[in-house]
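**Student:** Encoded as structure tokens, here's the structure I'll be asking about.
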Amino acid sequence: MENSRREFIKKALYAVLAGFGILFLLSIFRTLAPSRKEEKELSFFPLLPEEAVPRRGVKKTELDYRIGGKERKMRVFIVASPEGLTVFSAVCSHLGCLVNYHKDKREFICPCHGGKYDLNGRNIAGPPPAPLTKLPVKVENGVVLVGMKV
Ligand code: FES
Numbered sequence: 129m130e131n132s133r134r135e136f137i138k139k140a141l142y143a144v145l146a147g148f149g150i151l152f153l154l155s156i157f158r159t160l161a162p163s164r165k166e167e168k169e170l171s172f173f174p175l176l177p178e179e180a181v182p183r184r185g186v187k188k189t190e191l192d193y194r195i196g197g198k199e200r201k202m203r204v205f206i207v208a209s210p211e212g213l214t215v216f217s218a219v220c221s222h223l224g225c226l227v228n229y230h231k232d233k234r235e236f237i238c239p240c241h242g243g244k245y246d247l248n249g250r251n252i253a254g255p256p257p258a259p260l261t262k263l264p265v266k267v268e269n270g271v272v273l274v275g276m277k278v
């Protein structure tokens, strides 16, 4: 009777230790396994009809797009030149204020801390640490489309 009781306790102890061992191995596996973060896909959203875009100069507009079924808006600038169209997000790379275009200076200027960007979106003065975000753009069937990773 005493032996069978000891055997039972021994087996129960082994079972508990085995359970902890499995949990330990699983936590190591999770730590070492490659991250399963999903890569966002590039999707194109209509911005404007091609005829609404000036041949030269800068036009401010808003991009409507969807992420996870939710409607979003983003202020963007289209810069048209003989080389083609470029679209920049209006979000300042410093602290996220929305920049404005100053035609007289041919610069994008941030109203918050005076950061300046040239027509190529390069940060040229003030605190912005990086250029304006350039968005992928293409024209299909007379519509300017802008790419967003969603
Ligand atoms: S947020 Fe634009 S310069 Fe600071």
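Heads up: the sequence shown begins at 129 in the working numbering, then just goes up one per residue.
Glycine residues also receive a C-beta, built at the ideal position from the N, C-alpha and C atoms.
(1) Per DSSP, what kind of secondary structure is S171 in: helix, strand or coil?
(2) I need the boundaries of the beta strand (DSSP E) containing S217, first residue and last residue.
(3) Using a Cβ-Cβ cut-off of 6 Å (strictly less than) and excluding sequence neighbours within five positions of K277, which residues of its own chain qualify?
(4) Does N131 come out as helix, strand or coil in the three-state DSSP assignment?
(5) Between I206, G275, K201, which has its C-alpha nearest E178's C-alpha?
(6) Just verifying my parser: in three-state terms, what is the DSSP assignment at A258?
(7) Quick check: the Cα distance between E265 and V272, rounded to an integer number of angstroms?
(8) Return the chain-ordered list of same chain residues with a C-beta closer than 6 Å to the C-beta of Y193, the five sequence neighbours on each side being excluded.
(9) How would you label Y229, buried or exposed, when you count the other beta carbons within 10 angstroms and need 16 or more for buried?
(10) If you draw a straight line from the alpha carbon of P257 to that of A180, how long is it in whole angstroms?
**Tutor:** In short, the structure shows the following:
(1) strand
(2) 212-217
(3) K168, L170
(4) helix
(5) I206
(6) coil
(7) Checking the sequence, you will find Val at residue 265 rather than Glu. If you take the alpha carbons of V265 and V272, they lie about 7 Å apart.
(8) F173, R200, M276
(9) buried
(10) 32 Å
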